[in-house]
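Since the structure comes first, as structure tokens, the remarks are kept for the end.
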Amino acid sequence: PGTGPVPPLVIHGQTGVGKSALALRLAHELAADLPDGQVYVGLGAAADGRKDAPGIAGGMLRSLGIAPELIPDDPAQRIGLYRSVLYERRLLVVLDGALQERQVRDLLVATPHSRVVVTARSRLLGLDGVRRLALPVLGRDESMALLAGILGAQRLAGAPRAGLLLAEACGDLPLALTLAGRRLAARPEAFLAEAVAELLGADGLSGRLRA
166 PGTGPVPPLV IHGQTGVGKS ALALRLAHEL AADLPDGQVY VGLGAAADGR
216 KDAPGIAGGM LRSLGIAPEL IPDDPAQRIG LYRSVLYERR LLVVLDGALQ
266 ERQVRDLLVA TPHSRVVVTA RSRLLGLDGV RRLALPVLGR DESMALLAGI
316 LGAQRLAGAP RAGLLLAEAC GDLPLALTLA GRRLAARPEA FLAEAVAELL
366 GADGLSGRLR A
């Protein structure tokens with residue numbers, strides 16, 4: 166902080182690749198440098214228009230301690246106050262799950278102190294003045310390392326092909342692998358190869374894991 170205006174960061178990638186997890190990790194690591202607060206806004210339900218940018222800005226201002234009577238009713242003035250607060254304080258704003266540019270365009274501010282992070286499935290190419298970070302799926306070795314951390318390296322080493330089949334079925338997506346791995350970890354007495362076969366064959370689960 167304090168080295169000049171920093172553009173907002175857009176983290177994009179397919180569902181389950183870890184965008185929200187990365188944003189929360191950033192929030193944790195930046196907490197000491199941004200002591201005035203961290204604001205998280207879930208945007209997934211905003212597709213119906215109930216959460217427009219002025220409405221989101223008003224909610225954030227209230228959460229930051231701005232008295233309701235000081236928050237303008239005029240949308241443009243409310244956005245202006247939100248931007249001023251970000252310039253004056255050291256804040257982190259996470260806008261998670263943006264569906265389209267119009268949801269977040271007015272909320273993006275490049276400031277020397279505060280930081281704004283957006284997560285989205287698309288690259289949101291209609292936004293100007295932002296940095297973009299694409300999150301790919303895991304490499305197969307990374308998927309196996311993730312499973313080893315959940316299942317135990319010894320158990321996975323005893324049935325490596327089962328792990329590879331699971332990673333493939335999950336599309337090497339961290340969220341799907343984690344959920345599947347936890348289900349298998351809850352059955353430590355089962356042979357891993359048999360448990361994976363049952364898991365992938367259960368009601369077409371292999372397709373749902375990647376959805």
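Here the sequence shown stands for residues 166 to 376, numbered as in my numbering. Where a beta carbon is used, it is the ideal one built from N, C-alpha and C, also for glycine.
C-beta atoms of residue i and residue j nearer than 9 Å
| i | j | result |
| --- | --- | --- |
| V143 | A327 | In the structure displayed, the chain extends from 166 to 376; residue 143 sits before or after that span and is not available. |
| G346 | L311 | yes |
| K184 | H177 | yes |
| L115 | L273 | Absent from the structure is residue 115, since the part of the chain shown begins at 166 and ends at 376. |
| Q203 | L256 | yes |
| A341 | L316 | no |
| V175 | R296 | yes |
| I244 | A218 | yes |
| P353 | R305 | no |
| L338 | S279 | no |
| A324 | M309 | no |
| A188 | V282 | yes |
| P277 | G209 | no |
| A222 | D271 | yes |
| R248 | D201 | no |
| A322 | A334 | no |
Per DSSP, cross-strand counterpart(s) of residue i
| i | result |
| --- | --- |
| A299 | H177 |
| A285 | H177 and A263 |
| V258 | V204 and V281 |
| V171 | T276 |
Extent of the continuous alpha helix (DSSP H) to which residue i belongs
| i | result |
| --- | --- |
| G291 | That residue, G291, is in no alpha helix (DSSP H); it is neither H nor E in DSSP. |
| R326 | P325 to A334 |
| E253 | P240 to E253 |
| I236 | It is not in any alpha helix (DSSP H) - I236 carries neither H nor E in the DSSP assignment. |
| D306 | R305 to L316 |
| G223 | A218 to S228 |
| L188 | A small fix is needed here, since residue 188 is Ala in this sequence, not Leu. That run of the alpha helix (DSSP H) goes K184 to L195. |
CB-CB length for residue i against residue j, believed under 8 Å
| i | j | result |
| --- | --- | --- |
| G262 | G336 | About 19 Å; that fails the 8 Å criterion. |
| L330 | L365 | 7 Å |
| L229 | V250 | 6 Å |
| P172 | A275 | 5 Å |
Any non-hydrogen atom of the ligand MN closer than 8 Å to residue i Cβ
| i | result |
| --- | --- |
| A350 | Of ligands this structure carries none, so the ligand MN is not represented either. |
So within the segment 332-363, which uninterrupted alpha helix (DSSP H) runs reach at least 4 residues, ignoring any that extend past its ends? 339-350
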